[in-house]
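Worksheet for the structure shown next.
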DNA sequence: TTTATATTTCCACAAAAGTAGAAATATCAG
DNA sequence: CTGATATTTCTACTTTTGTGGAAATATAAA
């Protein structure tokens, strides 16, 4: 994973509302959660929510699929896994010694 | 770890320059790296660098200590560990089933 | 077709972040 | 004290982000 991509993904998760959205999607699991459910849960205007979701989608952390009038959003677990791996590989100690 | 704190830390790491700084500090290890070394490595103006470092310090990801005229910066590994744990605990699947 | 529901796009504005030169501060050497 | 080095603070400016109302789009139901 490129450092630029990691930074982009973290920038998106680095916002309380978006992180809440993502966490809620994680709770919802792989089958996805309707945008409307997120809106009801987090209590934010649709336009604002739509904006945040589209940013998460843009960096690949969330995927969407429509069923009728309802848009389901689901977390892309693999992307988060990659990000965590990046942090572990590039930003942690690699010693055999003790910890902090 | 609070969601707000996690978001703040990720917002700081969510910037290519700051992430580069942090990664460089990780390479430098626990004894710390002079600000001047970071500047030479990343090739950015002092005032800009100082600004970015202070943000990393503000969220606890970096600590500093002065030795003479030189300010050493070191990563606070434990903070990153907490962040990674947050992501694993709050934003990953907790199933016994297969992966993505 | 008309109407209702779900969500986005458009628009405008306020707030925050990024950038960097210049001046200031801190510390040490001579 | 004077000068050199290391780094920050101040200041100003540009760009990006966040926010949400209103209008538009998509889909389905009546």
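Protein chains in written order, with our numbering: chain S, 1 to 100; chain E, 1001 to 1100. For each residue, glycine too, the CB sits at the ideal point set by N, CA and C.
Cβ-Cβ separation, residue j to residue i (assumed contact under 8 Å), whole Å
i: residue 25 of chain S; j: residue 73 of chain S; result: 6 Å
i: residue 1016 of chain E; j: residue 58 of chain S; result: At roughly 16 Å, the Cβ-Cβ gap does not stay under 8 Å, so residue 1016 of chain E and residue 58 of chain S are not in contact.
i: residue 49 of chain S; j: residue 35 of chain S; result: 7 Å
Buried or exposed (CB count within 10 angstroms, at least 16 for buried), residue i
i: residue 1075 of chain E; result: buried
i: residue 69 of chain S; result: exposed
i: residue 1018 of chain E; result: buried
i: residue 79 of chain S; result: buried
i: residue 1052 of chain E; result: buried
i: residue 1091 of chain E; result: buried
i: residue 21 of chain S; result: buried
i: residue 1002 of chain E; result: exposed
i: residue 9 of chain S; result: buried
key: Residues of the stretch 42-67 of chain S with Cβ closer than 8 Å to any Cβ of chain E, in chain order   = none
query = Listed in chain order, which residues of the stretch 69-95 of chain S have Cβ atoms closer than 8 Å to some Cβ of chain E?
reply = 75, 76, 77, 78, 80, 81, 83, 84, 87, 88, 90, 91, 92, 93
inquiry  = For the stretch 19-31 of chain S, list every residue whose C-beta sits within 7 Å of some C-beta in chain E, in sequence order.
reply    = If the cut-off is 7 Å between Cβ atoms, the stretch 19-31 of chain S has 19, 20, 22, 23, 26 near chain E.
inquiry  = Report the start-end ranges of each alpha helix (DSSP H) in the stretch 32-93 of chain S that is 4 residues or longer and not cut off at the edges.
reply    = Segments of the alpha helix (DSSP H) lying fully in the stretch 32-93 of chain S: 35-42, 46-58, 77-91.
inquiry  = Contact between the stretch 80-89 of chain S and the stretch 1036-1053 of chain E is defined here as three or more beta-carbon pairs at a separation below 8 Å; is this criterion met?
reply    = no
message = Under 9 Å, CB to CB, which of the residues in the stretch 1004-1020 of chain E have a partner in chain S?
response = 1004, 1006, 1007, 1008, 1009, 1010, 1011, 1012, 1013, 1014, 1015, 1016, 1017, 1018, 1019, 1020
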